[in-house]
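The sequence shown runs 7 to 207 under this note's numbering.
For glycine and all other residues, C-beta sits at the position ideal for the given N, C-alpha and C.
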Amino acid sequence: MFKLTFSPASPYVRKVLLSAYRAGIQDELELVETGSENDTLLRGKNPLGKIPVLQKPDGDFLFDSRVIVDHLNKLGGGLIPENGSERDIILSRSALAEGLTDASLLVVYSERYAGGETPSKLWLDLQLGKIDKTLDFLEIDIINWSNPKGFDAANIALATALDYMSFRNVRDWKLNRPKISQWFDNVSLKLLGFAETAPKS
Ligand SMILES: N[C@@H](CCC(=O)N[C@@H](CS)C(=O)NCC(=O)O)C(=O)O
């Protein structure tokens, strides 16, 4: 069995879970809840203290989510093409989608860790500006994201990022973005494990 640090609200953990579904090994994951003894052990393997961390059956540990997704791809395939420009494209799209999650998390944390102060508007605007610019780009580019071979790592990263934004009320990304909305509605219906991994507080 694999052991995976688990928080029901984490978009990075959800991305890994959806990737495990795609690789067909979702039943081989034992989820280790935040705050448990094993969580301390696993999370402690990443000096940055971030989740997800995965423990492989051979005892080795992997982080961060991108490295774990790459490992799952080696086991089950389908997530990242092996080589060529197709690989570069999927990895670049994944980085863009993960950037959306990163910016959203920075918005959430700037409020959560403001210590009772008002969060910096300059900082919030900087992150929201990145999000808006990326969404504007995606509204045009999303037409290229469908993969006839099935959902890939970039599709999973983007669906996760968009749903996280809604979950935390970071941005109403559906407003005036019919193409992304249509893409998301389709993916959320068809992506294996999407409903089961919906974020929870
Ligand atoms: N780049 C990392 C980001 C992981 C991350 O930021 N995880 C959040 C949870 S959603 C976390 O552990 N936050 C706690 C912290 O930053 O101390 C990845 O892809 O795994």
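Nearest CA to the CA of R174: which residue from V73, P205, Y119 and K56? P205
Nearest candidate by alpha-carbon position, reference L164, set G156, N79 and W151: W151
Would you mind sorting R118 into buried or exposed? The rule is 16 or more other CB atoms within 10 Å of its CB. exposed
What is the residue span of the beta strand (DSSP E) that F157 lies within? Where F157 is concerned, there is no enclosing beta strand (DSSP E), given that its DSSP letter is neither H nor E.
What are the boundary residues of the alpha helix (DSSP H) that includes L209? An answer regarding residue 209 cannot be provided, because it is not within the stretch 7 to 207 covered by the chain.
Would DSSP call E123 helix, strand or coil? coil
If K185 and I149 are in contact, beta carbons under 8 Å, what's the gap, nearest whole angstrom? 7 Å
Alpha-carbon spacing of G84 relative to G156, whole angstroms: 7 Å
I need the straight-line Cα distance from P17 to M171, nearest angstrom please. 10 Å
Would you kindly check if the distance between the Cβ of F8 and the Cβ of E34 is under 8 Å? yes
Compare the Cα-Cα distances from P58 to each of K80, S25 and G90 and report the closest residue. S25
V38 - partner residues in DSSP beta bridges: T11
In angstroms with no decimal places, state the Cα-to-Cα distance between S42 and G50. 12 Å
Between K180 and the rest of its own chain, which residues show a CB-CB distance below 6 Å, the 5 nearest in sequence each way excluded? S187
What three-state label does DSSP hand L78 in the structure shown? helix
Spatial neighbours of D169 within its chain, please: C-beta separation below 7 Å, excluding the five flanking residues on both sides. P205
Buried or exposed, going by whether 16 or more other CB atoms sit within 10 Å of the CB of P1? In the structure as shown, the chain begins at 7 and stops at 207. Residue 1 is therefore absent and cannot be evaluated.
Please go through the same chain and pick out, in chain order, the residues whose beta-carbon is closer than 6 Å to the beta-carbon of F20, but skip the five residues on each side of it. It is Arg, not Phe, that sits at residue 20 in the sequence shown. Taken in chain order, the residues that qualify are T166 and T203.
What does DSSP give as the partner residues of L60 in its beta bridges? L10 and L68
Name the two residues that bound the continuous alpha helix (DSSP H) containing D94. G90 to R118
May I ask which residues mark the beginning and end of the alpha helix (DSSP H) holding I186? P184 to K196
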